[in-house]
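Enquirer: Before I ask anything, here is the structure I am working with.
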Amino acid sequence: MQSNIRLFMVIPCYNEQEVLPETSKRLEAKLNSLINKGVISDTSRVVLVDDGSKDTTWQLIDELHKKNPLFQGVKLSRNRGHQNALLAGLMTVRSVCDVAISMDADLQDDIDAIDEMLQKYKEGAEIVYGVRSSRQTDTFFKRGTAQGYYKLMNRMGADIVYNHADFRLMSRDALEMLSEYSEVNLFLRGIVPMIGLKTDIVYYERSERFAGESKYPLMKMLSFAFEGITSLSVKPIRFISGLGVFIFSVSVIILIYTLIRHFTGNTIQGWTTTVLSIWAIGGLTMISLGVIGEYIGKIYLETKNRPRYIISEYLGDKDDVVDLIDVKIKK
Ligand code: UDP
Ligand code: MG
């Protein structure tokens, strides 16, 4: 029994030489079993996107491709970050696949959830989100900050799926629509829900990183979080305006208060309040300028309209006419 669903797994890899041998082994087994069961077509592929790794990741991908055409490789010219690497992979396969599933290279996402995702796709979902059922394997700190963040994002008006990272299935149509979003400040988990279409959810246990270390140290995580908020919401700017109005109202009250004190003859001291207010207002002004600057920075980057990634090498099937509109191959 043959299926005609052509699945592409898209795996961003940044310095993943420790996990790649195991990940590829498991993916190969998974895809083969799905092919044998007749769930997906035997032209399904695994696309490993090398995000400018400094270790032997690309050599490993090259070897895998030579050994088994199941594996394809996309090499970015330099490190562009997880989101851009993912996008590069998805955009490369969008015209040749029926469905693409994105997954981390470190085996934190449960490979066995793929079956259920495909099932949901067959039932008509165009986007299937992998959602973690628990966060037991995360540190207390990561769990707390991550969950607080999802709540904050939702309050800011960004429609992101709770506890969903980038483990998701997207149909060809969904990918086509995603390609219309040309923003440079890319935050995929915020953009994908904007597409609309029929979605579904698959729950899975997230395990610990199989080997190697997280490519998201605290600072990178914080900047990613901030990136997400400022890419998706203008509420912080509005908040600043509100704050301005509030502080101005307070200053009017203080003005009235000091005038009364003045006319009743009580105008000594006052040093503490003066100094405090200078610092407080100075600080608030700086923060506000910073936030506004952040948005202006974003506008600056968007207007430049630079390519989000450049593909320097591609290892794939000769028959596939890969869509290269958003993809520039150097050689
Ligand atoms: N990654 C990437 N480019 C980067 C950082 C990370 O392509 O600049 C990939 C990485 O190889 C992995 C995925 O993004 O497949 C998630 O990274 P990681 O597991 O380090 O993040 P965490 O799970 O700790 O949040
Ligand atoms: Mg990870």
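Using the working numbering, the letters of the sequence shown map in sequence onto residues 353 to 683. Think of the CB as a built atom: it goes at the ideal place given N, C-alpha and C, for glycine as much as any other residue.
Could you tell me the alpha carbon to alpha carbon distance between Tyr513 and Tyr481, rounded to whole angstroms?
Expert: One-based indexing of the sequence shown puts residue 513 at position 161. One-based indexing of the sequence shown puts residue 481 at position 129. According to the sequence shown, residue 513 is Val rather than Tyr. Going by the C-alpha atoms only, they are around 8 angstroms apart.
Enquirer: Which of helix, strand or coil does DSSP assign to Glu665?
Expert: Counting from 1 along the sequence shown, the entry for residue 665 is found at position 313. Residue state, collapsed to three classes: strand.
Enquirer: Is any heavy atom in the ligand UDP found nearer than 6 angstroms to the beta carbon of Ser566?
Expert: Translated into the one-based positions of the sequence shown, residue 566 becomes position 214. Ser566 Cβ: within cutoff of the ligand UDP.
Enquirer: On a CA-only basis, which of Glu535, Glu532, Arg520 is nearest Asp552? Give me that one, please.
Expert: For this step, residue 552 is matched to residue 200 along the sequence shown. Measuring from the Cα of Asp552, the nearest candidate turns out to be Arg520.
Enquirer: State the DSSP-derived secondary structure class of Asp462, mapped to helix, strand or coil.
Expert: As a position in the sequence shown, residue 462 is number 110, starting the count at 1. DSSP places Asp462 in coil when its eight states are reduced to three.
Enquirer: Between the C-alpha atoms of Asp594 and Thr582, what's the straight-line distance to the nearest angstrom?
Expert: Along the sequence shown, read from residue 1 onward, the residue named residue 594 stands at position 242. Along the sequence shown, read from residue 1 onward, the residue named residue 582 stands at position 230. In the sequence under discussion, the amino acid at residue 594 is Gly, which differs from the Asp named in the question. Cα to Cα, Gly594 sits roughly 17 angstroms from Thr582.
Enquirer: Using a 10 Å radius around the Cβ and a threshold of 16 neighbouring Cβ atoms, would you call Arg430 buried or exposed?
Expert: Start at 1 with the first residue of the sequence shown, and residue 430 comes out as number 78. Answer is exposed; the Cβ neighbour count stays below 16.
Enquirer: The alpha helix (DSSP H) spanning Arg658 covers which residue range?
Expert: Reading the sequence shown from its first residue, position 306 is the one you call residue 658. From DSSP, Arg658 is part of no alpha helix (DSSP H); its letter is neither H nor E.
Enquirer: Please name the residue, chosen from Gly390, Tyr502, Leu412, that lies closest to Leu470 on a Cα-to-Cα basis.
Expert: By 1-based counting over the sequence shown, the position of residue 470 is 118. Among Gly390, Tyr502, Leu412, the Cα nearest to that of Leu470 belongs to Gly390.
Enquirer: By DSSP, does Ser454 sit in helix, in strand, or in coil?
Expert: By one-based count along the sequence shown, residue 454 stands at place 102. In the structure shown, Ser454 sits in a strand (DSSP, three-state: E or B).
Enquirer: Could you check if Asp462 belongs to the surroundings of the ligand UDP, using beta carbon to heavy atom distance under 6 angstroms?
Expert: In the sequence shown, counting from the first residue as 1, residue 462 sits at position 110. Checking the Cβ of Asp462 against the ligand UDP gives no.
Enquirer: Just the Cα atoms here: how many angstroms apart are Ala465 and Tyr647?
Expert: As a working mapping, residue 465 is identified with position 113 in the sequence shown. As a working mapping, residue 647 is identified with position 295 in the sequence shown. Distance between the alpha carbons of Ala465 and Tyr647: 38 angstroms.
Enquirer: Should Leu611 and Gly542 be called a contact, given that it needs their Cβ atoms to be closer than 7 angstroms?
Expert: What you label residue 611 is simply residue 259 of the sequence shown in a count that begins at 1. What you label residue 542 is simply residue 190 of the sequence shown in a count that begins at 1. Cβ distance not < 7 angstroms, so Leu611 and Gly542 don't count as in contact.
Enquirer: I need the straight-line Cα distance from Lys680 to Val371, nearest angstrom please.
Expert: Translated into the one-based positions of the sequence shown, residue 680 becomes position 328. Translated into the one-based positions of the sequence shown, residue 371 becomes position 19. Unreliable positioning characterises Lys680 in this predicted model, as indicated by a pLDDT of 49, which lies under 50. A coordinate reading is not provided.
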